[in-house]
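Asks: Residue numbers (full-length UniProt numbering): 1 to 217.
Glycine included, C-beta positions come from ideal geometry on N, C-alpha and C.
No experiment lies behind these values; they were computed from the predicted model shown.
#1: I'd like the span of the beta strand (DSSP E) that includes residue 183, first residue to last.
#2: From the DSSP output, read off the bridge partner residues of residue 122.
#3: With 16 other CB atoms within 10 Å as the buried threshold, where does residue 9 fall?
#4: Could you check where the alpha helix (DSSP H) with residue 170 kicks off and where it finishes?
#5: Does the Cβ of residue 128 have 16 or more other Cβ atoms within 10 Å, making it buried, or fewer, making it exposed?
#6: Can you give me the C-alpha to C-alpha distance between residue 254 and residue 210, rounded to a whole angstrom?
#7: Decide yes or no for the touch test of the region 91-111 against the region 132-143: beta carbon pairs closer than 8 Å, at least 3 of them.
#8: Once you ignore the five residues that flank residue 164 on each side, which residues in its own chain have a CB closer than 8 Å to its CB?
#9: Quick check: the region 152-162 against the region 22-32, are there 3 or more CB pairs under 8 Å?
#10: Between residue 160 and residue 148, which are expected to be in contact by the criterion C-beta below 8 Å, what is the C-beta distance as a whole number of angstroms?
#11: Which stretch, first to last residue, makes up the beta strand (DSSP E) that contains residue 83?
#12: State the beta-bridge partners of residue 15 as determined by DSSP.
#13: Could you check how far apart the C-beta atoms of residue 134 and residue 11 are, in whole angstroms? I think they sit under 8 Å.
#14: Going by Cα to Cα distance, which pick from 157, 119 and 59 is closest to residue 111?
#15: Fully enclosed by the region 189-215, which beta strand (DSSP E) runs are 3 residues long or longer?
#16: Let me check one thing: in DSSP terms, what residues is residue 68 bridge-paired to?
#17: Quick test of the definition: if touching needs 3 or more C-beta pairs under 8 Å, does the region 69-81 touch the region 200-209?
#18: Just confirm the distance between the C-beta atoms of residue 96 and residue 23, as a whole number of angstroms; I'd bet it's less than 8 Å.
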């Protein structure tokens, strides 16, 4: 399996001859991504799905099917028809021999004046490969046993104490930082340090992919 961080919450997962792009949002650089087999979106916020570039992404990847959280899918189906599918918590999306299990329900609370929307975390599995969990914008879903957790480092809805407890609860052996588009270098390193030092007893293996290109897991 290879994992590429394309900025903020956008990642490209390559496994079992499939190329799966997750959360192509406004803070991410995915314009040159080609030969996708699937596009997955956890929720409707523009930093996870850029509506202005979504059509170009599908046009540049004609073989790709898109699987979106249901409310998000409903917003896009008039424009893109049967290339856009809804997915539901507890179901399974099959992309070749890669299975994707959506988990969870609601976006994390931002504050009392912003209505909560739905959010689906995504558990990506392929035989003989590490299992990867992308939580979208919520920390309360149960992904089951996973090897790699993608960790939202900073958001209007997050506290570092909640982030650390999320990583410890999931119990993955490796963490990859995401959702970092609002951070400067100083703040990013500080939050990474909390995840690295306190995300597991004795410290956690953190694989920082910012600017690294594809990395094997």
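Replies: With the structure as the only source:
#1: Within the chain shown, residue 183 is the residue found at index 183, counting from 1. Where residue 183 is concerned, there is no enclosing beta strand (DSSP E), given that its DSSP letter is neither H nor E.
#2: If you number the chain shown from 1, residue 122 lands on position 122. Residue 122 is bridged to 102 and 134.
#3: For this step, residue 9 is matched to residue 9 along the chain shown. With at least 16 other beta carbons inside 10 angstroms of its own, residue 9 counts as buried.
#4: Along the chain shown, read from residue 1 onward, the residue named residue 170 stands at position 170. For residue 170, the uninterrupted alpha helix (DSSP H) run begins and ends at 160-170, by DSSP.
#5: Position 128 of the chain shown holds residue 128. The residue is exposed, with fewer than 16 neighbouring Cβ atoms inside 10 Å.
#6: With the chain covering 1 to 217 only, the question about residue 254 has no answer from this structure.
#7: Yes: at least three Cβ pairs fall under 8 Å.
#8: The residue given as residue 164 occupies position 164 in the chain shown. Within the same chain, 194, 195, 198 and 199 come within 8 Å of residue 164 by CB-CB distance, once the 5 residues on both sides are set aside.
#9: The region 152-162 makes no contact with the region 22-32: fewer than 3 CB pairs, one atom from each, lie closer than 8 Å.
#10: Counted from its first residue, the chain shown places residue 160 at position 160. Counted from its first residue, the chain shown places residue 148 at position 148. Between residue 148 and residue 160 the Cβ distance is about 20 Å, and since that is not below 8 Å, they are no contact.
#11: Translated into the one-based positions of the chain shown, residue 83 becomes position 83. It is not in any beta strand (DSSP E) - residue 83 carries neither H nor E in the DSSP assignment.
#12: Within the chain shown, the letter at position 15 stands for residue 15. Within the DSSP secondary-structure output, residue 15 pairs in a beta bridge with 18.
#13: Your numbering for residue 134 matches position 134 in the chain shown. Your numbering for residue 11 matches position 11 in the chain shown. The pair is a contact, with the Cβ atoms about 7 Å apart (cut-off 8 Å).
#14: Here residue 111 refers to the residue found at position 111 when the chain shown is read from its first residue. Closest option to residue 111, judged by alpha-carbon separation, among 157, 119 and 59: 157.
#15: The qualifying runs do not exist here; there are none.
#16: Stepping through the chain shown from its first residue, residue 68 is reached at position 68. Beta-bridge partners of residue 68 (DSSP): 41 and 86.
#17: Judged by Cβ distances under 8 Å, the region 69-81 makes no contact with the region 200-209, as fewer than three pairs qualify.
#18: Stepping through the chain shown from its first residue, residue 96 is reached at position 96. Stepping through the chain shown from its first residue, residue 23 is reached at position 23. Contact flag wrong, Cβ pair sits at about 20 Å.
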